[in-house]
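Student: Each step along the sequence shown adds one to the number in the numbering used here, with nothing skipped, and position 165 is 957.
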Amino acid sequence: MKELPEYIEVINVDGQELVYYNCSLRRIFPRNAWIEENFDPDFWKLETERNINNHQLIKAEISSVMQRFNQTDGSHIYQWMYGIEMDDETDEINGHEIHAYDGKDHLYFDLKTEMFIAASSQAVLTKNNWNNKAKIDYRKNIFANFFPELLKKYVNYGKSHLMRTERPSLSLLQKTSSSPISCHATGFYPKVADMYWRKDGKEIREGVDKGEILPNNDGTFQMTVDLRLSSETHEEWPKYECVFKLSGVKEEIITKLDKRNIKTNK
């Protein structure tokens, strides 16, 4: 099995991977030609230096946290996630910075109080060390200026890619005759979408399990909504339909519940 790099960074916009950094190669990889073409070499140099610095910072934090957990060896994972959401019309920004250790919340930055908050007792020392003027001012600047400006550039340069819409294909699935009926949508973009079951034109929630929106390998998304019909007869099935709505598209995509269209494991 190929060894994973000790440190990687990925930049996503609207669920699309745009930039990837690999510490083994000490290099940033733009995932689309339009990204590489629109940012000058100095930008990539600064981003590489930032990743190198973050790599060392995380290594030091892992070493420190291991001591607090009384861990002397073994492989451990430290995750550090920045993110912002920006309203296109008002430019209003919601941001977050979250740190996790071995899959559990460790530390986060509260933009309202402008303070680091420890999510575990092992993070208290880091919280105290990081709640200084230099680090707080740095966070305030990147959330107020750097991230919004960078996001605007990504969206502006990649409009044709990021602002596109792709409609999904819908299918009905059922493992066995007693299993829930799954309405599965795949191949849609953007990620902002909704799918639900209707009966007689009205959305139903009882007996419905809605899954998460998941990424596909090609940059599109998929989701599934299950419907349990244990007490319904087949004569009632035509009253049901699966409805998919995609952001930016007015028309609904509808699939009627029809036994002939259900794919099974048989």
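The C-beta atom is built at its ideal place from N, Cα and C for all residues, glycine as well.
Who are the Cβ neighbours of His891 in its own chain at under 6 angstroms, not counting the five residues just before and after it?
Tutor: Trp872, His898, Leu899
Student: I need the straight-line Cα distance from Pro1007 to Asp806, nearest angstrom please.
Tutor: 11 angstroms
Student: Name, in chain order, the residues that DSSP records as bridge partners for Gln871.
Tutor: Ala892
Student: Is Met793 helix, strand or coil when you go by DSSP?
Tutor: Annotation note: pLDDT 44 at Met793 (below 50); position unreliable, coordinate value reported separately. In the structure shown, Met793 sits in coil (DSSP, three-state: anything other than H, G, I, E or B).
Student: Taking the beta carbon of Gln966 as the centre, do at least 16 other beta carbons fall within 10 Å, making it buried, or is it exposed?
Tutor: It is buried - the Cβ of Gln966 has at least 16 other Cβ atoms within 10 Å.
Student: Quick one: what does DSSP say Glu1044 is sitting in, helix, strand or coil?
Tutor: coil
Student: Where does Lys904 fall in DSSP's three states?
Tutor: coil
Student: Mark Glu828 as exposed unless 16 or more other C-beta atoms lie within 10 angstroms of its C-beta, in which case mark it buried.
Tutor: exposed
Student: Assign Ala915 to buried or exposed, taking buried as 16 or more other Cβ atoms, counted over all protein chains shown, within 10 Å of its Cβ.
Tutor: buried
Student: May I have the straight-line CA-CA distance separating Lys919 from Ala910, to the nearest angstrom?
Tutor: 6 angstroms
Student: For Met793, does the count of other Cβ atoms within 10 angstroms reach 16, so buried, or fall short, so exposed?
Tutor: In this prediction, Met793 scores a pLDDT of 44, lower than 50, which makes its location untrustworthy; no coordinate-derived value is stated.
Student: Pick out the complete beta strand (DSSP E) segments inside the stretch 952 to 1017, 3 residues or longer, and give them in chain order.
Tutor: 961 to 966, 973 to 980, 985 to 991, 994 to 996, 1000 to 1002
Student: Quick check on DSSP: helix, strand or coil for Asp806?
Tutor: Coil, per DSSP.
Student: Leaving out five residues before and five after Gly781 in sequence, what residues of the same chain have Cβ atoms less than 8 angstroms from its Cβ?
Tutor: Limits of the chain in this structure are 793 at one end and 1058 at the other, which puts residue 781 out of reach.
Student: Could you check whether the stretch 964 to 978 touches the stretch 1031 to 1050, counting it as contact only if at least three pairs of C-beta atoms, one from each stretch, sit closer than 8 angstroms?
Tutor: yes
Student: Specify, as a first and last residue, the run of the beta strand (DSSP E) that Ile820 falls within.
Tutor: 819 to 822
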